[in-house]
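For reference, the structure discussed in these notes is given below.
In the numbering used here, the protein residues as written are 2 to 303.
Spelled out as structure tokens, the structure:
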């Protein structure tokens with residue numbers, strides 16, 4: 002019995018040491034509520050699991066990977082058919098401020114600081130967002146020819162990012178151009194500035210766009226920001242959006258107002274979050290001059 006207890010103790014101790022160097026972590030979020038898309042109201046649900054595996058060498062180099070499982074019912078994206086999607090793998094190596102990813106990578110334009118900061122509501126949406134197409138980490142599967150590389154480096158508040166996605170990397174005969182994007186940002190406790198550009202977004206020739214934005218923390222409870230996106234084409238043109246938030250106890254008020262060539266109109270949105278302690282009640286109303294949309298529901302992170 003003593004030998005069994007000793008062996009169990011040693012195994013537990015070994016597992017503890019191993020966990021300090023390697024591990025698997027599950028994170029994500031859930032959300033559910035009602036969405037009005039300008040024509041119809043429907044129930045929206047989403048459950049997302051990010052599965053991250055990491056190991057660290059004796060020299061302090063971290064190797065890791067991620068896959069994502071997600072089920073969405075109703076909403077604004079392409080994964081709304083009720084089936085559970087499984088992402089291709091992202092693999093990476095990280096040392097101090099340098100990170101390099103391969104496979105189903107993040108992209109510099111999609112990861113640019115501030116680019117989505119005008120988003121509000123249950124479905125994290127804004128008519129002040131970019132309206133063009135570009136690659137990002139893919140929640141669902143894609144064809145076998147695609148491969149990507151992403152790199153970022155952070156130091157003393159500065160972050161530089163670059164990415165390259167090639168749909169023809171494995172020569173499957175897919176007719177598309179490689180997407181290249183870059184992003185730069187600088188952040189302090191008081192303010193953040195960010196800029197990004199993408200060439201041949203989503204593999205579409207001459208689908209180029211650039212972004213610049215800035216945000217200022219007025220106080221611990223109030224933030225204001227301004228984003229400008231130039232998407233080049235006559236149909237999409239330019240978007241400029243002013244946004245902000247204000248926190249009062251458990252309530253955070255959010256809003257934006259802007260001008261969008263894509264909608265040929267002023268765009269506006271107001272929203273609010275109520276902290277439930279471990280979850281939040283959230284909702285928004287938004288208008289693009291043609292349609293008024295709204296949502297309300299609950300979101301929790303884990």
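Here a beta-carbon is modelled for each residue, glycine too, at the ideal position from N, C-alpha and C.
Since the structure is predicted, the reported quantities are computational estimates derived from the model, not experimental observations.
Express the C-alpha separation of residue 151 and residue 103 in angstroms, rounding to a whole number. Taking the chain shown and counting its residues from 1, one reaches residue 103 at position 102. Taking the chain shown and counting its residues from 1, one reaches residue 151 at position 150. Each residue's Cα considered, the two are about 7 Å apart.
query: In this structure, does DSSP put residue 29 in helix, strand or coil?
result: On the chain shown, residue 29 is found 28 positions in, with the first residue counted as 1. Three-state DSSP puts residue 29 in a strand.
| task | Could you say if the stretch 277-288 and the stretch 110-118 meet the contact criterion of at least three C-beta pairs nearer than 8 Å? | result | The stretch 277-288, when compared against the stretch 110-118, does not touch it at the 8 Å Cβ threshold.
Residue 194 beta carbon less than 8 Å from that of residue 304:
Absent from the structure is residue 304, since the part of the chain shown begins at 2 and ends at 303.
Contact check, residue 303 vs residue 29, beta carbons under 8 Å: By one-based count along the chain shown, residue 303 stands at place 302. By one-based count along the chain shown, residue 29 stands at place 28. Going by beta carbons, residue 303 and residue 29 fall inside the 8 Å limit.
Are the stretch 23-37 and the stretch 121-135 in contact at 8 Å, needing three or more beta carbon pairs?
-> Verdict: yes, contact present.
Report task. Please go through the same chain and pick out, in chain order, the residues whose beta-carbon is closer than 7 Å to the beta-carbon of residue 304, but skip the five residues on each side of it. Result -> Nothing in the structure corresponds to residue 304, since the chain is present only between 2 and 303.
* **CB contact flag (residue 255, residue 273, <8 Å)** => Working through the chain shown from its first residue, we reach residue 255 at position 254. Working through the chain shown from its first residue, we reach residue 273 at position 272. Yes, these two residues count as a Cβ contact at 8 Å.
| request: Pick helix, strand or coil for residue 203, following the three-state DSSP scheme. | output: By 1-based counting over the chain shown, the position of residue 203 is 202. Residue 203 falls in the helix class under three-state DSSP.
In angstroms with no decimal places, state the Cα-to-Cα distance between residue 119 and residue 241.
Residue numbering aside, residue 119 sits at position 118 when the chain shown is read from its first letter. Residue numbering aside, residue 241 sits at position 240 when the chain shown is read from its first letter. The alpha-carbon atoms of residue 119 and residue 241 are separated by roughly 11 Å.
Beta-carbon separation (whole angstroms), residue 237 vs residue 140, contact threshold 8 Å: If you number the chain shown from 1, residue 237 lands on position 236. If you number the chain shown from 1, residue 140 lands on position 139. With a Cβ gap of about 24 Å, residue 237 and residue 140 do not count as contacting.
- Give the straight-line distance between the Cα atoms of residue 71 and residue 49, rounded to the nearest whole angstrom. The residue you call residue 71 lines up with position 70 of the chain shown. The residue you call residue 49 lines up with position 48 of the chain shown. Those two C-alpha atoms are separated by around 4 Å.
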